[in-house]
Amino acid sequence: MATETFGYTGGVQTYTVPENVELVEVRCWGAGSGEDTGSNGAAGGYAEGWLDVTPGETLHVYVGGSGTNGGWPNGGSGDGQGGDGAGSTEVRRSTSVSDRVIVAGGAGGARALVEDFNYPPGVGGGNEGEDAGNSSYGVSTGGTQTSGGVGDGGGADGSGPNGGNAGAATDAGGGGGGYHGGAGGGEASDGGDTATWGGA
C-alpha cells in the first residue's frame, strides 16, 4: 500500500484519493511548542484512525507549525520572552473547521524562567491536552473534547480550535491549537496545552 507523508509548509496541502481506494489510515503528530528564556517547549500530541473515503475525493491536510514558526494554523501567541503555542495537525474533508475528521493537538508554549521557578508547558494530546504551569503559582488548563482550556493570571481561554494568547506583560506562553484550543499562560503559568480529538 502506498504511503504519502506531508511536512510543514505553513499552508493547506491536499491529497487526492486514488482509484479503487475506499479506506485510508491517517496518522497525525501535532507540533511542538516554542521555547523561551531558560525553559524548554513541549511535545505535540498524536492521533490516528481509519477514514472512509471516495476515489477522487480531495482531503485537506494541515500540518501544524512549531511555536518557533508562529504556531500555524491555530497556536496562541506568547508574550515577551514566552514561547508561542504550537499548531494542531489535522485532516479535513473541506477547508471548513466543521469538516475536520482527525486532529492531533499542538503543545502549549513555555514561559520564561523566573527566579528559578519552573512553569512547564502543557503537552499536546490525542484525546485531551495536558494542563500547564505550577500548582503553587497558577495553572492554565488544556482543552478537552468538549471545551477549550481556561486561562489563569490573565491568560486567554482557548477559543474554538485556537489556543489562547498569553496575558500581557507576563512572559508567558501561548496555548496550543487543537480540536478545542488550550488556554494561554498568565502571570505565573505556562501556555495551556492543546485540545484535541483523536478519531476519524
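Here the sequence shown is numbered in the numbering used here, starting from 394 and rising by one per residue. C-beta atoms are modelled at their ideal positions from N, C-alpha and C, and glycine is treated no differently.
Host beta strand (DSSP E) of residue i (start-end)
i	result
aspartate 445	439-445
arginine 486	Element bounds for arginine 486: n/a, residue is neither H nor E.
arginine 504	Looking at the DSSP string, arginine 504 is not in any beta strand (DSSP E), and its letter there is neither H nor E.
tryptophan 422	416-422
alanine 497	493-497
Inter-residue Cα distance where the pair is residue i and residue j
i	j	result
serine 481	asparagine 413	30 Å
tyrosine 401	threonine 407	13 Å
aspartate 472	glycine 577	9 Å
threonine 398	valine 543	34 Å
threonine 534	glycine 575	6 Å
serine 483	glutamate 418	It should be noted that the sequence gives glutamate, not serine, for residue 483. Rounded to whole angstroms, glutamate 483 to glutamate 418 spans 13 Å at the Cα level.
arginine 420	glycine 442	7 Å
glycine 568	valine 490	18 Å
threonine 409	alanine 561	43 Å
threonine 461	asparagine 555	17 Å
glycine 458	glycine 571	12 Å
valine 603	glycine 434	The chain is shown only over 394 to 593; residue 603 falls outside these bounds and no answer can be derived.
alanine 559	glycine 541	15 Å
arginine 486	aspartate 445	11 Å
proline 448	leucine 416	9 Å
alanine 479	tryptophan 422	11 Å
serine 549	glycine 557	It should be noted that the sequence gives alanine, not serine, for residue 549. The straight-line gap from Cα to Cα measures roughly 5 Å.
alanine 565	glycine 438	21 Å
glycine 403	serine 552	21 Å
Where residue i falls: helix, strand or coil (DSSP)
i	result
serine 470	coil
asparagine 555	strand
threonine 398	coil
glycine 570	coil
glycine 547	coil
asparagine 462	helix
Identity of the residues DSSP links to residue i by a beta bridge
i	result
histidine 453	Thr407 and Arg485
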